[in-house]
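Q: One structure follows; several queries about it will come next.
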Amino acid sequence: MRRPFSVFLMCAAAASLAQAAGQTPPAPETPPAATVPATPATPPAADAPPAPAPAAQTPAPAQPATPPGTVVLAEPVLDPLVATDTKVGTGAEATAGSKVFVHYTGWLYKPMATRQRGRQFDSSLTRGAPLEFVLGTGRVIKGWDQGVMGMKVGGKRTLVIPSYLAYGKRGAPGGGIPPDADLIFDVELVNVK
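Under the working numbering, the first residue of the sequence shown is numbered 155, with each subsequent residue one higher.
See the structure below:
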């Protein structure tokens with residue numbers, strides 16, 4: 155579920171005011187996806203004896219302190235694959251094992267950017283030839299295998315793909331896509347064989 159940016163701003167402002175007043179802000183029912191807590195919350199111990207300290211432990215390096223009143227922002231974490239048909243096709247359907255021909259343009263996903271598109275990193279349209287692959291065989295990123303499935307020839311779809319269904323922690327070869335990058339693609343199913 156998407157939350158309006160204004161809700162995020164109100165939560166951030168309330169937390170900042172409460173912190174400036176020396177109060178601990180109440181925990182929201184559902185934490186906003188775009189905030190990163192400065193320190194993890196520790197549940198209170200309930201009548202449990204304290205755990206013994208490890209014998210020889212190297213102290214953890216000190217974390218940089220966040221000044222009071224500072225709100226730490228991060229890009230929202232994208233969880234599921236989002237597939238939105240912008241034009242429903244009328245031709246043959248793309249199913250597992252079928253050879254598909256797809257035109258596409260890919261961008262880094264930036265939720266706050268215009269149309270949520272950051273830097274464009276690739277497009278089959280500039281090459282003038284669609285990408286062809288056998289659907290469901292792992293020749294492309296998982297987000298494509300899942301997102302193209304069920305499209306019909308002539309259809310167009312926008313795929314918003316979380317990093318774990320794209321290139322994950324390693325990023326793309328050649329450095330065009332950084333590690334842990336969420337991606338957005340406009341795809342058009344040209345043919346199915």
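Backbone N, C-alpha and C fix where the C-beta goes; we use that ideal spot for every residue, glycine too.
Would residue 306 pass as a contact of residue 244 if the rule is Cβ separation under 9 Å?
A: For the purposes of this step, residue 306 is taken as the residue at position 152 of the sequence shown. For the purposes of this step, residue 244 is taken as the residue at position 90 of the sequence shown. Yes, the Cβ-Cβ distance between residue 306 and residue 244 is below 9 Å.
Q: What do you reckon, are the CB atoms on residue 233 and residue 284 nearer than 9 Å?
A: Within the sequence shown, residue 233 is the residue found at index 79, counting from 1. Within the sequence shown, residue 284 is the residue found at index 130, counting from 1. No, they are not a contact pair.
Q: Spatial neighbours of residue 347 within its chain, please: CB distance less than 6 Å, with the 5 preceding and 5 following residues excluded, ordered by chain position.
A: Counted from its first residue, the sequence shown places residue 347 at position 193. Around residue 347: 253.
Q: Whole angstroms is fine: what's the gap from residue 327's alpha carbon to residue 321's?
A: Position 173 of the sequence shown, counted from the start, is the residue given in the question as residue 327. Position 167 of the sequence shown, counted from the start, is the residue given in the question as residue 321. Taking the straight line joining both Cα atoms gives about 9 Å.
Q: At 4 residues or longer, what runs of the alpha helix (DSSP H) sit wholly inside the segment 260-339?
A: The segment 260-339 contains these whole alpha helix (DSSP H) runs: 278-281, 296-302.
Q: Give the straight-line distance between the Cα atoms of residue 319 and residue 295, rounded to the nearest whole angstrom.
A: The residue you call residue 319 lines up with position 165 of the sequence shown. The residue you call residue 295 lines up with position 141 of the sequence shown. Cα-Cα distance, rounded: 6 Å.
Q: Give me whichever residues DSSP pairs with residue 347 in a beta bridge.
A: Along the sequence shown, one-based indexing puts residue 347 at 193. In the DSSP output, where bridge partners are listed per residue, residue 347 has none listed.
Q: Tell me the rounded alpha-carbon separation between residue 304 and residue 289.
A: Your numbering for residue 304 matches position 150 in the sequence shown. Your numbering for residue 289 matches position 135 in the sequence shown. Cα-Cα distance, rounded: 10 Å.
Q: Considering only residues of the same chain and omitting the five flanking positions on each side of residue 339, which have a CB-CB separation below 6 Å?
A: To locate residue 339, count along the sequence shown from 1; it is residue 185. Cβ within range, chain order: 258, 260, 313.
Q: How many Å lie between residue 302 and residue 343 at the Cα?
A: Stepping through the sequence shown from its first residue, residue 302 is reached at position 148. Stepping through the sequence shown from its first residue, residue 343 is reached at position 189. Cα-Cα distance, rounded: 8 Å.
Q: Let me know if residue 242 comes out buried or exposed under the rule of 16 or more other beta-carbons within 10 Å of its beta-carbon.
A: Taking the sequence shown and counting its residues from 1, the one referred to as residue 242 is at position 88. Looking at its Cβ environment, which holds fewer than 16 other Cβ atoms inside 10 Å, residue 242 is exposed.
Q: Closer than 7 Å by C-beta to residue 279: which residues in its own chain qualify, once you throw out the five before and the five after it? Chain order, please.
A: Translated into the one-based positions of the sequence shown, residue 279 becomes position 125. The residues are 257, 259.
Q: Give the secondary structure of residue 237 by DSSP, where H, G and I count as helix, E and B as strand, and everything else as coil.
A: Position 83 of the sequence shown holds residue 237. Note: residue 237 maps to strand in three-state DSSP.
Q: Do residue 238 and residue 311 have their C-beta atoms closer together than 9 Å?
A: Position 84 of the sequence shown, counting from 1, holds the residue named residue 238. Position 157 of the sequence shown, counting from 1, holds the residue named residue 311. Their beta carbons are under 9 Å apart, which means residue 238 touches residue 311 by this criterion.
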